Amino acid sequence: MIETDTIKSGTAENNKKFVFTTAEKTRKRRHFVESLFFSLFRLSALINASALIIIVYFMASRGWRAITWTFLTQPPMDSMTKGGILPCIVGTVCLSIGAIVIAFPIGVASAVYLNEYAKPGRTIRLIRLGINNLAGVPSVVFGLFGLAFFVIYLKMGVSILAGALTLGAMSLPVIIGASEEALKSVPDTYREASLGLGATKWQTIYRVVLPAALPSIMTGGILGISRAAGETAPIMFTAAVFFIPNLPTSVFDKIMALPYHIYVLATAGTEIEATRHLQYGTALILVALVLGMNLVAIIIRTKLRNKMKF
Numbered sequence: 605m606i607e608t609d610t611i612k613s614g615t616a617e618n619n620k621k622f623v624f625t626t627a628e629k630t631r632k633r634r635h636f637v638e639s640l641f642f643s644l645f646r647l648s649a650l651i652n653a654s655a656l657i658i659i660v661y662f663m664a665s666r667g668w669r670a671i672t673w674t675f676l677t678q679p680p681m682d683s684m685t686k687g688g689i690l691p692c693i694v695g696t697v698c699l700s701i702g703a704i705v706i707a708f709p710i711g712v713a714s715a716v717y718l719n720e721y722a723k724p725g726r727t728i729r730l731i732r733l734g735i736n737n738l739a740g741v742p743s744v745v746f747g748l749f750g751l752a753f754f755v756i757y758l759k760m761g762v763s764i765l766a767g768a769l770t771l772g773a774m775s776l777p778v779i780i781g782a783s784e785e786a787l788k789s790v791p792d793t794y795r796e797a798s799l800g801l802g803a804t805k806w807q808t809i810y811r812v813v814l815p816a817a818l819p820s821i822m823t824g825g826i827l828g829i830s831r832a833a834g835e836t837a838p839i840m841f842t843a844a845v846f847f848i849p850n851l852p853t854s855v856f857d858k859i860m861a862l863p864y865h866i867y868v869l870a871t872a873g874t875e876i877e878a879t880r881h882l883q884y885g886t887a888l889i890l891v892a893l894v895l896g897m898n899l900v901a902i903i904i905r906t907k908l909r910n911k912m913k914f
């Protein structure tokens, strides 16, 4: 009897050791896999950050000597080999602001309809499929569309308005997608509580859902501004011209723009090599302008987010 109890006790202890060893091996394997994937994520972030630093350094090292007060406040002169880029800066700001003013309310309204009002079905699936496909359409296609529809058919001519409408149409899929995801992230309890207190559906959306989702919706606006400010193909068909020294006075004026100006200096200028520093300087200003507009949007988003916490 004593021998039997001893054998059972030893077997149980061996089983415990086996279970403990197996659990320890499993834990170590999971820890290794977790560490491996975290390392890959860190490496990906490092590669992206390094690429940004290298690009900015590449442009800054070759274009910093072009950036002077004259460069920022004067129009191009002597076949664009001297002078500055003030008309280009003003034109880019006008196009970016115009595009976001047009695209942001339409995009948010579309997202509200798709998420809050539309009933699930084949039609809504087709609409979402179309929006997703539009996000992948090359920018030159939007440029040709803007040329055919806004410039020629609607007789707007090459103008700020035609360019802003084209860029707005190009930014819509990004804004709609980001806005719809922001609306989905608002808990249903917010809607139920508002409706339970007697608010209508529109009052619930306007006073409860949209304010809660607005900080995340601003992310779509930031992406829209970034894409609109840096595009060349759409504006070269609809808004930008080779050279015009005067600043715009109406939305029907032609303009110069930083992306198209860089393209002109690098491919169609009279002295391409002699203006190489101007090309990099203009590119550096474009990057700084985009980062500046993004920074303003991020600050607004942060203030809205902090306000919602209270």
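Remember, our numbering sits 604 above the position in the sequence shown when you count from 1. Backbone N, C-alpha and C define an ideal beta-carbon position, used for all residues, glycine too. For clarity, every value in this text was computed on a predicted model and none was experimentally measured.
Would T696 and L862 be called neighbours here (beta carbons separated by less than 7 Å)? As a working note, residue 696 is residue 92 in the sequence shown. As a working note, residue 862 is residue 258 in the sequence shown. Closer than 7 Å, so yes.
From the DSSP output, in three-state form, read off P680 for me. Counting from one through the sequence shown, the residue named residue 680 turns up at place 76. Looking at P680 - three-state DSSP - the assignment turns out to be strand.
DSSP three-state label for I671, please. Stepping through the sequence shown from its first residue, residue 671 is reached at position 67. DSSP places I671 in coil when its eight states are reduced to three.
Let me know the alpha helix (DSSP H) ranges lying completely inside the stretch 731 to 761, each 4 residues or longer, listed in chain order. 743 to 750
Pairing CB atoms from the stretch 833 to 844 with CB atoms from the stretch 752 to 763, are three or more of them under 8 Å? yes
Just to confirm the assignment, what range does the alpha helix (DSSP H) spanning G772 have? Locating residue 772 in the sequence shown gives position 168, where the first residue counts as 1. Run containing G772: I764 to K788, per the alpha helix (DSSP H) assignment.
When burial is assigned at 16 or more other CB atoms within 10 Å of the CB, is G747 buried or exposed? Sequence index remark: in the sequence shown, residue 747 carries index 143 (1-based). With 16 or more Cβ atoms within 10 Å of its Cβ, G747 is classed as buried.
Figure out for me which residue from A817, P680 and V694 has the closest Cα to the Cα of S789. Taking the sequence shown and counting its residues from 1, the one referred to as residue 789 is at position 185. S789 has its Cα closest to that of A817, out of A817, P680 and V694.
What do you reckon, are the CB atoms on S700 and I780 nearer than 7 Å? For the purposes of this step, residue 700 is identified with residue 96 of the sequence shown, where counting begins at 1. For the purposes of this step, residue 780 is identified with residue 176 of the sequence shown, where counting begins at 1. In this structure, I780 does not lie closer than 7 Å to S700 by Cβ.
Leaving aside the five residues before and after G772 along the sequence, list all residues of the same chain whose C-beta is less than 6 Å from its C-beta, in chain order. Working through the sequence shown from its first residue, we reach residue 772 at position 168. Once the five neighbours on either side are set aside, the close Cβ partners of G772 are A703, I706 and A707.
Are L738 and P680 close, meaning C-beta to C-beta below 7 Å? For the purposes of this step, residue 738 is taken as residue 134 along the sequence shown, with counting starting at 1. For the purposes of this step, residue 680 is taken as residue 76 along the sequence shown, with counting starting at 1. Contact flag unset, no.
Hey, quick one: how far does the alpha helix (DSSP H) through Q796 stretch, first residue to last? Residue numbering aside, residue 796 sits at position 192 when the sequence shown is read from its first letter. Before going further, note that residue 796 is Glu rather than Gln in the sequence given. Counting along the chain, the alpha helix (DSSP H) containing E796 begins and ends at D792 to G800.
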